[in-house]
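Notes follow once the structure below has been shown.
Number of protein chains: 2
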Amino acid sequence: MPRKPLSPAESTPFPRPLSTVDVIILTLLDDALQVLLVQRDSAPDEPFPGQWALPGGIVDTARDLSLEDCARRKLKEKTGVDAPYLEQIGSWGDASRDPRGWSTTHVYLALLPAASLHPTRGGNVSDVAWFPVHGGGSNPVAPPLAFDHDRLLAAGIARLRGKAEYTSLPIYLLPPTFTLSELQQVFQAVLGRPLEKKAFRTRILAAGLVEELDAMRETSRRPARLYRRRAGQGLHYFPRALEPHSVASAAD
Amino acid sequence: MPRKPLSPAESTPFPRPLSTVDVIILTLLDDALQVLLVQRDSAPDEPFPGQWALPGGIVDTARDLSLEDCARRKLKEKTGVDAPYLEQIGSWGDASRDPRGWSTTHVYLALLPAASLHPTRGGNVSDVAWFPVHGGGSNPVAPPLAFDHDRLLAAGIARLRGKAEYTSLPIYLLPPTFTLSELQQVFQAVLGRPLEKKAFRTRILAAGLVEELDAMRETSRRPARLYRRRAGQGLHYFPRALEPHSVASAAD
DNA sequence: ATAATAGTGTCTATAAGACAATATCAC
DNA sequence: GTGATATTGTCTTATAGACACTATTAT
Numbered sequence: 005m006p007r008k009p010l011s012p013a014e015s016t017p018f019p020r021p022l023s024t025v026d027v028i029i030l031t032l033l034d035d036a037l038q039v040l041l042v043q044r045d046s047a048p049d050e051p052f053p054g055q056w057a058l059p060g061g062i063v064d065t066a067r068d069l070s071l072e073d074c075a076r077r078k079l080k081e082k083t084g085v086d087a088p089y090l091e092q093i094g095s096w097g098d099a100s101r102d103p104r105g106w107s108t109t110h111v112y113l114a115l116l117p118a119a120s121l122h123p124t125r126g127g128n129v130s131d132v133a134w135f136p137v138h139g140g141g142s143n144p145v146a147p148p149l150a151f152d153h154d155r156l157l158a159a160g161i162a163r164l165r166g167k168a169e170y171t172s173l174p175i176y177l178l179p180p181t182f183t184l185s186e187l188q189q190v191f192q193a194v195l196g197r198p199l200e201k202k203a204f205r206t207r208i209l210a211a212g213l214v215e216e217l218d219a220m221r222e223t224s225r226r227p228a229r230l231y232r233r234r235a236g237q238g239l240h241y242f243p244r245a246l247e248p249h250s251v252a253s254a255a256d
Numbered sequence: 005m006p007r008k009p010l011s012p013a014e015s016t017p018f019p020r021p022l023s024t025v026d027v028i029i030l031t032l033l034d035d036a037l038q039v040l041l042v043q044r045d046s047a048p049d050e051p052f053p054g055q056w057a058l059p060g061g062i063v064d065t066a067r068d069l070s071l072e073d074c075a076r077r078k079l080k081e082k083t084g085v086d087a088p089y090l091e092q093i094g095s096w097g098d099a100s101r102d103p104r105g106w107s108t109t110h111v112y113l114a115l116l117p118a119a120s121l122h123p124t125r126g127g128n129v130s131d132v133a134w135f136p137v138h139g140g141g142s143n144p145v146a147p148p149l150a151f152d153h154d155r156l157l158a159a160g161i162a163r164l165r166g167k168a169e170y171t172s173l174p175i176y177l178l179p180p181t182f183t184l185s186e187l188q189q190v191f192q193a194v195l196g197r198p199l200e201k202k203a204f205r206t207r208i209l210a211a212g213l214v215e216e217l218d219a220m221r222e223t224s225r226r227p228a229r230l231y232r233r234r235a236g237q238g239l240h241y242f243p244r245a246l247e248p249h250s251v252a253s254a255a256d
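Chains as they are written, first to last, in the numbering used here: chain A, 5 to 256; chain B, 5 to 256.
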């Protein structure tokens, strides 16, 4: 039962669904797109004890001013940082997705650079870990996730992949400065296919969404020019998609 | 207070936000994009009495199997029909958008052909009406909507306009058979700008998303070939946007 | 010099924009 | 025939793909 009685104004004639927020936190680690997952409590009266799940939880109307606020809070709790990109992916609400009853989750996608995380690959808690997202990678993503989190994660990945075809979105997976080769590698990791070097560089530079720095990345080979996102530039929409694709599903 | 006590499994340590669904129902009437609005109850203890609002209401966990289910129910209640296109636009949840307290609305976009509606322009109830969506039309959209429905509507229109640039989405605003000129008019009404005739026709036909019928639309001028959506074809993504556009806001 | 990665030159292919020309109907 | 709308021809332009070539570093 609720902790406090509802005031008359708050009283409504319907039982309210449980409201939660889940965050799909992605970054690029070891040249692969990886997702942050948390292991659920092992207490047997908890739903999906011990299973891996997306970070998230119940909306706390006393602390969270808004759904996005709640997502930012979850993000900060698990990573210790704010994400340079946070987007709502959608909401899934029905009677059966949570054994506790009718519930709705509001899913957000957060992209952040791996370099912004703590030294030991970001996870500062033992029940938090990064998993590669690849369908065909050597180490597959964790076993089936709790609740319906598999489909939520799939929707987040699909959104990122889809937007990578015609926007600059994957740039948010990189630290503030990067080389064009690194940027191309991020796009390739997201899209799961190689891209043409010349076409890619022309596309990025013609869009004017990065600016040259006076510094180079010094490696054991030829140094590469460093760039950074142009200040105040949001997501860039390219006039053409990266590859002629044809049809998609009926809704979104 | 809730009508029935919560079972232990349903008990959660947080007060739950109010969950609602609102539907942005759009169609093409009189060559203009129009939205279906409902006038709220005039009882002074109701929030926003007498004001126009998007059709919607509280999620009924006893009747609605899912959020989308709920959206379909609202749609059917107001129009009497199912929409050939229904997409979730997003969810807005915060402490202040509803005077009754912390609430979340789940917003859906429905596109349907005007011809599918009842004879007298669809509205079979006196407190339901279509309003043109145009910013610069002769008859502007209704005065400020109830709650935060202005921004919800704006988000829905923006989604439709955005997708019209690089998908076939506006086709769902037309009846099952149509001419290419009519299809072009729908795109123009959505985008608010004229399109090049030849380029538009090539684009549509090359995509293979319509099929020629053996019938013509007979008017007082040269008859025009009728087409219909190819069966089983979902939303089509064109390889190029209709016009080179550059930047958008930071998140979606 | 060689290996490796960074970066460029140049050609082709595709699809959109511009805009004129032609086709088919009612009258 | 004229007027109106449908449909097509053709040229230009912009940008992605292919792919070979040059540039710069460490060794």
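C-beta atoms are modelled at their ideal positions from N, C-alpha and C, and glycine is treated no differently.
Asked: Using a beta-carbon distance cut-off of less than 7 Å, what residues from the segment 60-88 of chain A approach chain B?; Found: 62, 63, 64, 65, 69, 70, 71
Asked: From the beta carbon of residue 110/A, is the nearest beta carbon of chain B less than 8 Å away?; Found: yes
Asked: Just to confirm my understanding: we take residue 52/B, look at its own chain, exclude 5 residues before and 5 after, and list those with CB closer than 8 Å. What are they?; Found: 44, 150, 151
Asked: If the cut is a Cβ gap below 7 Å, which residues of chain B does residue 43/A touch?; Found: Residues of chain B passing the Cβ test: none, with the nearest at roughly 21 Å.
Asked: Of all the CB atoms in chain B, is at least one closer than 8 Å to the CB of residue 196/A?; Found: no
Asked: Step through the CB atoms of chain A and report whether any lies within less than 8 Å of the CB of residue 4/B.; Found: Lying before the first or after the last residue shown, residue 4/B is absent from chain B, which here runs from 5 to 256.
Asked: Would you please verify whether the beta carbon of residue 149/B is less than 8 Å from any beta carbon of chain A?; Found: no
Asked: Listed from N- to C-terminal order along the chain, which residues in the segment 17-47 of chain B have their beta-carbon within a distance smaller than 8 Å of any beta-carbon of chain A?; Found: 17, 18, 19, 20, 21, 22, 23
Asked: Just to confirm the assignment, what range does the beta strand (DSSP E) spanning residue 111/B have?; Found: 107-115
Asked: The beta strand (DSSP E) spanning residue 98/A covers which residue range?; Found: 89-98
Asked: So which residues of chain A does residue 180/B contact, with C-beta pairs closer than 9 Å?; Found: The contacting residues do not exist; residue 180/B stays about 16 Å from chain A at best.
Asked: Going by DSSP in three states, residue 20/A sits in which element: helix, strand or coil?; Found: coil
Asked: At a CB-CB cut-off below 8 Å, which residues of chain B make contact with residue 158/A?; Found: Those do not exist, as residue 158/A stays about 16 Å from chain B at its closest Cβ, beyond 8 Å.
Asked: Distance check for residue 87/A and residue 255/B, CA to CA, integer angstroms please.; Found: Unreliable positioning characterises residue 255/B in this predicted model, as indicated by a pLDDT of 34, which lies under 50. The coordinate reading is nonetheless provided below. Approximately 12 Å, taken between the alpha carbons.
Asked: Name the one or two DSSP bridge partners that residue 230/B has.; Found: 183/B
Asked: Taking the Cβ atom as the reference point for each residue, do residue 21/B and residue 96/B lie within a distance shorter than 8 Å?; Found: no
Asked: Give me the residue from 72/B, 161/B, 93/B with the minimum Cα distance to residue 99/A.; Found: 72/B
Asked: Compare the beta carbon distance of residue 62/A and residue 157/A with 8 Å and say whether it is the shorter of the two.; Found: no
Asked: Counting only Cβ pairs nearer than 8 Å, list the residues of chain A close to residue 233/B.; Found: Result: empty, since nearest Cβ-Cβ is about 11 Å, beyond 8 Å.
Asked: Does chain A have any CB closer than 8 Å to the CB of residue 154/B?; Found: no
Asked: Considering only the beta carbon of each residue, do residue 30/A and residue 39/A sit closer than 8 Å?; Found: yes
Asked: Residue 165/B touches chain A at which residues, Cβ-Cβ below 7 Å?; Found: By Cβ distance, chain A contributes nothing, its closest Cβ being about 13 Å from residue 165/B, past 7 Å.
Asked: Chain B partners of residue 245/A, CB-CB under 9 Å?; Found: 170, 241, 242, 243, 244, 245
Asked: Give the C-beta separation of residue 221/B and residue 209/B to the nearest angstrom, bearing in mind that I take them to be a contact with Cβ-Cβ under 8 Å.; Found: Their Cβ separation, rounded to whole angstroms, is 17 Å, which puts residue 221/B and residue 209/B out of contact at 8 Å.
Asked: Please say whether residue 160/B and residue 194/B have beta carbons closer to each other than 8 Å?; Found: no
Asked: What span of residues does the alpha helix (DSSP H) with residue 168/A cover, start to end?; Found: 153-170
Asked: If you draw a straight line from the alpha carbon of residue 185/A to that of residue 167/A, how long is it in whole angstroms?; Found: 20 Å
Asked: By the 10 Å Cβ neighbour count, where 16 or more other Cβ atoms means buried, how is residue 3/A classified, buried or exposed?; Found: Nothing can be reported for residue 3/A: it is not among the residues displayed for chain A, which extend from 5 to 256.
Asked: For residue 99/B, return the contacting residues in chain A, with the cut-off set at a CB-CB distance below 9 Å.; Found: 65, 68, 69, 70
Asked: So is residue 95/A in contact with chain B if we call contact Cβ pairs under 8 Å?; Found: yes
Asked: According to the Cβ coordinates, are residue 245/B and residue 243/A closer than 8 Å?; Found: yes
Asked: Please list the terminal residues of the continuous beta strand (DSSP E) segment that includes residue 219/A.; Found: 214-221
Asked: Mind checking who residue 31/A pairs with in its DSSP beta bridge?; Found: 38/A
Asked: How should residue 117/A be labelled, buried or exposed, when 16 other C-beta atoms within 10 angstroms of its C-beta is the threshold for buried?; Found: buried
Asked: Check the Cβ of residue 106/B against every Cβ in chain A and list those closer than 7 Å, keeping chain order.; Found: 65
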